[in-house]
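Asks: Take a look at this one; I'll ask things after.
2 protein chains.
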Amino acid sequence: MTIKEAAEKTGVSVDNLRFYVKIGLIPAAPRTSSGIRNFDEATLSWVEFVLRFKRSGMPLETIRRYVELALQGDSTKQERKELLLAAKEDLLKKQEQIQESLDVINYKLDTYEQKCGPITAEMVAAWKAKQPSE
Amino acid sequence: MTIKEAAEKTGVSVDNLRFYVKIGLIPAAPRTSSGIRNFDEATLSWVEFVLRFKRSGMPLETIRRYVELALQGDSTKQERKELLLAAKEDLLKKQEQIQESLDVINYKLDTYEQKCGPITAEMVAAWKAKQPSE
DNA sequence: ATAAACCCTGAAGTTAACTCCAAGTCAAGA
DNA sequence: TCTTGACTTGGAGTTAACTTCAGGGTTTAT
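As given, the protein sequences belong to chains A and B, one line each in that order.
One point on numbering: in the working numbering, the residue at position 58 of the first sequence is 58, and numbering is uninterrupted.
One point on numbering: in the working numbering, the residue at position 55 of the second sequence is 1055, and numbering is uninterrupted.
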């Protein structure tokens, strides 16, 4: 499979796929005798695996490190486990913070049904009181 | 309150506070006669409000736009509501994607108790089969 | 009244993650 | 065979969100 087809299948741009290979986020795909990348199923699986973590906001460097360790085999099991535990903590914290924002947004949307949201309204009022004009 | 005290209270660096004011993420704090910023409670409230959204990964430009609209008063109610609805969709999607990654991580952590995670193990095996050495 | 610590601005530098470009090689159809 | 389109690389450019710097003014404590 050419890099273009791989790009269509994964939804990642051609340039970006090459970039990911370059930084080691995806293992280097095999090449034809003339040097053209030939994406196989194994490499595509890596792309999908990597994308799932990327979508959750994990830094590429963290994912890259995990891929590097995984390719090194069983001896890196412990280190991978620690990396996953740290990543899990990050994601749980992120989830909480998103929930906090959702709570605020839902509250505001509720109150917008009646009038300007009271919390912001109060802040705007306090702000305006300090301003000479407007 | 000096900018340094505001920085300590909010956990945002002095430079970053000035940066946020500059890009309009926070309304400009009042100044003393000699031009030194004098952070008041109203401005601090804005900082806290903005930080909550920032922590959830919302782009600063989106938050900046919301602040701009809020300062313009009731006439922008509708536009703010639409902005909040869009932001809510983003956050819900992000939450789902984080959950997907958490599921994968939890599954891997479970299986790591016994041996190398089967999904990755399979991918590594497929990968190694293509490689001449190692 | 002077040194230390703090404040200001505008601009340049940094990092992550792309995104595009130039110049050249390779492959498939008329 | 010649064009057209896809592939290659290295490197430059972009955007978001900081971060640091240069050069100067202000406040405070001794």
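We treat Cβ as the ideally placed atom computed from N, Cα and C, and that holds for glycine.
Only a predicted model underlies this, so the values are computations on that prediction, with no experimental measurement involved.
Using C-beta distances below 8 Å, list every residue in its chain close to residue 13 of chain A, excluding the 5 sequence neighbours before and after it, in chain order.
Replies: The residue you call residue 13 of chain A lines up with position 13 of the first sequence. Taken in chain order, the residues that qualify are 7.
Asks: Using C-beta distances below 6 Å, list every residue in its chain close to residue 1110 of chain B, excluding the 5 sequence neighbours before and after it, in chain order.
Replies: Counting from one through the second sequence, the residue named residue 1110 of chain B turns up at place 110. Correct list: empty, nothing qualifies.
Asks: What residues in its chain sit with their C-beta under 6 Å from that of residue 1021 of chain B, if we drop five residues either side in the sequence?
Replies: Translated into the one-based positions of the second sequence, residue 1021 of chain B becomes position 21. Correct list, in chain order: 1028.
Asks: Give me the DSSP bridge partner(s) of residue 135 of chain A.
Replies: There is no way to answer for residue 135 of chain A, as the model of chain A reaches only from 1 to 134.
Asks: Helix or strand or just coil, what does DSSP make of residue 2 of chain A?
Replies: Residue mapping note: residue 2 of chain A aligns to position 2 of the first sequence, counting from 1. In the structure shown, residue 2 of chain A sits in coil (DSSP, three-state: anything other than H, G, I, E or B).
Asks: Does the Cβ-Cβ distance between residue 53 of chain A and residue 1101 of chain B come in under 8 Å?
Replies: Reading the first sequence from its first residue, position 53 is the one you call residue 53 of chain A. Reading the second sequence from its first residue, position 101 is the one you call residue 1101 of chain B. It is a contact, given that the beta carbons lie within the stated cut-off.
Asks: Check residue 1025 of chain B in the structure and name its three-state DSSP category.
Replies: Within the second sequence, numbered from 1, the residue matching residue 1025 of chain B stands at position 25. Residue 1025 of chain B: coil per DSSP, three-state reduction.
Asks: Where in the region 1044 to 1079 of chain B do unbroken runs of the beta strand (DSSP E), each at least 3 residues long, occur, reported from the N-terminal end onward?
Replies: Here no run is fully enclosed.
Asks: Considering only heavy atoms of the ligand GTP, does any lie closer than 7 Å to the CB of residue 1047 of chain B?
Replies: This structure simply doesn't include the ligand GTP, nor any ligand for that matter.
Asks: Excluding the five sequence neighbours on either side, which residues of its own chain have a C-beta within less than 7 Å of the C-beta of residue 91 of chain A, listed in chain order?
Replies: Counting from 1 along the first sequence, the entry for residue 91 of chain A is found at position 91. 56.
Asks: Let me confirm a value: residue 43 of chain A is counted as buried when at least 16 other C-beta atoms fall within 10 Å, else exposed. Which label applies?
Replies: Residue 43 of chain A sits at position 43 when you count from the first residue of the first sequence. By the neighbour-count rule (16 or more Cβ atoms within 10 Å), residue 43 of chain A is buried.
Asks: Closer than 7 Å, Cβ to any Cβ of chain A: which residues of the region 1091 to 1112 of chain B, in chain order?
Replies: Here the close residues are 1091, 1094, 1095, 1097, 1098, 1100, 1101, 1102, 1104, 1105, 1108, 1109 and 1112.
Asks: Check whether chain A comes within 8 Å of residue 1053 of chain B, counting only Cβ atoms and requiring the distance to be less than that.
Replies: Residue mapping note: residue 1053 of chain B aligns to position 53 of the second sequence, counting from 1. Closer than 8 Å: yes.
Asks: Give me the Cβ distance between residue 1082 of chain B and residue 1069 of chain B, rounded to the nearest whole Å; I'm assuming they're in contact under 8 Å.
Replies: Taking the second sequence and counting its residues from 1, the one referred to as residue 1082 of chain B is at position 82. Taking the second sequence and counting its residues from 1, the one referred to as residue 1069 of chain B is at position 69. Incorrect: roughly 10 Å between the Cβ atoms, too far for contact.
Asks: Taking all protein chains shown into account, do 16 or more other C-beta atoms lie within 10 angstroms of the C-beta of residue 98 of chain A, making it buried, or fewer, making it exposed?
Replies: The count along the first sequence starts at 1 and reaches residue 98 of chain A at position 98. Result: buried.
Asks: Taking a contact to mean a Cβ-Cβ separation below 8 Å, would you say residue 36 of chain A touches residue 17 of chain A in this structure?
Replies: As a first step, residue 36 of chain A is located in the first sequence; it is residue number 36 there, counting from the start. As a first step, residue 17 of chain A is located in the first sequence; it is residue number 17 there, counting from the start. Their beta carbons are not under 8 Å apart, which means residue 36 of chain A does not touch residue 17 of chain A by this criterion.
Asks: Could you list the residues in the region 1036 to 1069 of chain B with a C-beta less than 8 Å from some C-beta on chain A, going in chain order?
Replies: If the cut-off is 8 Å between Cβ atoms, the region 1036 to 1069 of chain B has 1040, 1041, 1042, 1043, 1045, 1046, 1049, 1052, 1053, 1055, 1056, 1057 and 1058 near chain A.
Asks: Quick test of your reading: residue 23 of chain A and residue 50 of chain A, contact by CB under 8 Å. State the CB separation rounded to the nearest angstrom.
Replies: Numbered from 1 along the first sequence, position 23 holds the residue referred to as residue 23 of chain A. Numbered from 1 along the first sequence, position 50 holds the residue referred to as residue 50 of chain A. 11 Å between Cβ atoms; not a contact.
Asks: With a Cβ-Cβ cutoff of 8 Å, do residue 1063 of chain B and residue 84 of chain A count as a contact?
Replies: On the second sequence, residue 1063 of chain B is found 63 positions in, with the first residue counted as 1. On the first sequence, residue 84 of chain A is found 84 positions in, with the first residue counted as 1. Contact: no.
Asks: Please tell me whether residue 1009 of chain B has its Cβ less than 8 Å away from any Cβ of chain A.
Replies: Along the second sequence, one-based indexing puts residue 1009 of chain B at 9. Not one chain A Cβ lies under 8 Å of residue 1009 of chain B.
Asks: Name the chain B residues whose beta carbon is nearer than 9 Å to that of residue 25 of chain A?
Replies: The count along the first sequence starts at 1 and reaches residue 25 of chain A at position 25. Per Cβ cutoff of 9 Å: no residues; residue 25 of chain A is ~14 Å from chain B at best.
Asks: Measuring only the C-alpha atoms, how far is residue 1034 of chain B from residue 1073 of chain B?
Replies: Position 34 of the second sequence, counted from the start, is the residue given in the question as residue 1034 of chain B. Position 73 of the second sequence, counted from the start, is the residue given in the question as residue 1073 of chain B. Roughly 30 Å between the two C-alpha positions.
Asks: Give the residues of chain B in contact with residue 87 of chain A, contact being defined as C-beta atoms less than 7 Å apart.
Replies: In the first sequence, the residue the question calls residue 87 of chain A occupies position 87. Going along chain B in sequence order, the residues near residue 87 of chain A (Cβ under 7 Å) are 1105.
Asks: Taking 8 Å as the CB-CB cut-off, is residue 22 of chain A touching chain B?
Replies: Locating residue 22 of chain A in the first sequence gives position 22, where the first residue counts as 1. False, the Cβ-Cβ gap to chain B never drops below 8 Å.
Asks: According to DSSP, simplified to helix, strand and coil, what is residue 1089 of chain B?
Replies: Position 89 of the second sequence, counted from the start, is the residue given in the question as residue 1089 of chain B. Reduced to three states, the DSSP call for residue 1089 of chain B is helix.
Asks: Would you kindly work out how many angstroms separate the C-alpha atoms of residue 1077 of chain B and residue 112 of chain A, rounded to a whole number?
Replies: As a first step, residue 1077 of chain B must be located in the second sequence, where it is residue number 77. As a first step, residue 112 of chain A must be located in the first sequence, where it is residue number 112. Cα to Cα, the separation comes out at about 8 Å.
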